[in-house]
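S.K.: Protein chains in written order, with our numbering: chain A, -19 to 191; chain B, 72 to 244. All C-beta atoms, glycine included, are put in the ideal place defined by N, C-alpha and C. As the structure is a prediction and not an experimental result, all values here were calculated from the model.
1. Should residue 149 of chain B be flagged as near chain A, meaning a C-beta pair shorter than 8 Å?
2. Counting only Cβ pairs nearer than 7 Å, list the residues of chain B close to residue 73 of chain A.
3. Is DSSP giving residue 42 of chain A helix, strand or coil here?
4. Do the stretch -10 to 6 of chain A and the stretch 154 to 174 of chain A meet, that is, are 3 or more Cβ pairs less than 8 Å apart?
5. Considering only the alpha carbon of each residue, which of B:192, B:183, B:104, B:214 lies closest to residue 238 of chain B?
6. Under 8 Å between the Cβ atoms of residue 143 of chain A and residue 133 of chain A?
7. Can you name the residues of chain A whose CB is closer than 8 Å to the CB of residue 142 of chain B?
8. Please report how far the alpha carbon of residue 119 of chain A lies from the alpha carbon of residue 110 of chain A, in whole angstroms.
9. Pair every Cβ in the stretch 24 to 34 of chain A with every Cβ in the stretch 72 to 79 of chain A, then say whether three or more of these pairs are closer than 8 Å.
10. Taking 8 Å as the threshold (C-beta atoms), are residue 53 of chain A and residue 120 of chain B in contact?
11. Using a C-beta to C-beta distance shorter than 8 Å, which residues of chain B count as neighbours of residue 40 of chain A?
12. Only counting runs of 4 or more residues, tell me where the alpha helix (DSSP H) segments fall wholly within the stretch 17 to 95 of chain A, in order along the chain.
13. Is residue 107 of chain B close to chain A? Criterion is C-beta to C-beta, closer than 8 Å.
14. Tell me the residue span of the alpha helix (DSSP H) that contains residue 177 of chain A.
15. Give me the Cα-Cα distance between residue -16 of chain A and residue 20 of chain A, rounded to the nearest whole angstrom.
16. Considering only C-alpha positions, which residue in the set A:140, A:151, A:50 is nearest to residue 124 of chain A?
This is how it looks when you write it as structure tokens:
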């Protein structure tokens, strides 16, 4: 696998002032969406075997998941209702007794999130116009065509429009589809999460995609 | 001294103007800087969330404890206003206090139960038929201590009591 070209996204000044260590690191990768190869499915199984009830309960005290819980709380989300991505993966594992394989992109994200605790999203590079960054939603803006955004909501945006909600869903007009050939992996950084963790998450996802 | 005593409380007199200002001074034209207050509130929220997480982990594996929950503010992830941050901080502080009290009450009961087990082991005849489970002392599993007579009715008649410790959870079928 060649070197990943990691890019730091911009952060709107008002947001940077409120959360000085908020960051978005992203990288472009080639992708062939489709079913996961056997190695990835096996890795998911091995990952699932590492979860226990006690580990999941105590996960919220681990530094990286804890940092995202705190950030969720600070932006008005209840992390016990709207789980942070890493806790979401853990809960899915406990409910289903395993981590089901969906497709290579989702599996790569699941593996990277579970391994590092850093939330990742994938965007179709062709649908992103300009540099990616973090900003507050403006009044009347929508995610995709239909999903209205509340004013001052934290979003990941390109030069034109919001493409995803921070710690939330990706706009349907920016998400990865079976025809996507190049995608952008984005890792969100918050206070208490070192940059090396974000880089590790991106590398982990990219490595899984190229398995 | 008299000029100090004559000063009106609450009336901000512009310095160097040589005139007094009445009780209805002009409202400030600048917007107050909330940054320091917001930073303090965000730090407090982080600390309270940490305490809440610790308390949640401390309650495990107790299953009948109330779950301290603080609802989201609604509207997805967004920049909260100063009032919302204050409300959130107060609510979190309340939940932390509730959770700490509930855990403290529960651990006190568990401590009493541990003591009871000790007493049962020392003097089983004084605790006839008493049964204490692992759940009663805040431990996971199905193990329990049960004071029963040795040799059934003979033991009951003779006063031969003993503590029987169960072997744990039955195997899953």
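M.R.: Reading it off the structure:
1. Here residue 149 of chain B is taken as the residue at index 78 of the second chain, counted from 1. Yes, contact with chain A.
2. The residue given as residue 73 of chain A occupies position 93 in the first chain. Those do not exist, as residue 73 of chain A stays about 17 Å from chain B at its closest Cβ, beyond 7 Å.
3. Here residue 42 of chain A is taken as the residue at index 62 of the first chain, counted from 1. Of the three classes helix, strand and coil, the one that applies to residue 42 of chain A here is coil, per DSSP.
4. yes
5. In the second chain, counting from the first residue as 1, residue 238 of chain B sits at position 167. With distances taken between Cα atoms, residue 238 of chain B lies closest to B:214.
6. On the first chain, position 163 is the one that residue 143 of chain A refers to. On the first chain, position 153 is the one that residue 133 of chain A refers to. Not closer than 8 Å, so no.
7. By one-based count along the second chain, residue 142 of chain B stands at place 71. Neighbours of residue 142 of chain B on chain A, chain order: 58, 61.
8. Sequence index remark: in the first chain, residue 119 of chain A carries index 139 (1-based). Sequence index remark: in the first chain, residue 110 of chain A carries index 130 (1-based). Approximately 21 Å, taken between the alpha carbons.
9. yes
10. Here residue 120 of chain B is taken as the residue at index 49 of the second chain, counted from 1. Here residue 53 of chain A is taken as the residue at index 73 of the first chain, counted from 1. Yes, the pair counts as a contact, with Cβ atoms nearer than the cut-off.
11. Along the first chain, one-based indexing puts residue 40 of chain A at 60. Those within 8 Å of residue 40 of chain A in chain B are 124, 127, 128.
12. 18 to 29, 33 to 38, 43 to 54, 65 to 76
13. Position 36 of the second chain, counted from the first residue, corresponds to residue 107 of chain B. With 8 Å as the cut-off, residue 107 of chain B does not count as an interface residue toward chain A.
14. For the purposes of this step, residue 177 of chain A is taken as residue 197 along the first chain, with counting starting at 1. Run containing residue 177 of chain A: 175 to 189, per the alpha helix (DSSP H) assignment.
15. Here residue -16 of chain A corresponds to residue number 4 of the first chain, with the count starting at 1. Here residue 20 of chain A corresponds to residue number 40 of the first chain, with the count starting at 1. Cα to Cα, residue -16 of chain A sits roughly 20 Å from residue 20 of chain A.
16. As a position in the first chain, residue 124 of chain A is number 144, starting the count at 1. It is A:151 whose Cα lies nearest to the Cα of residue 124 of chain A.
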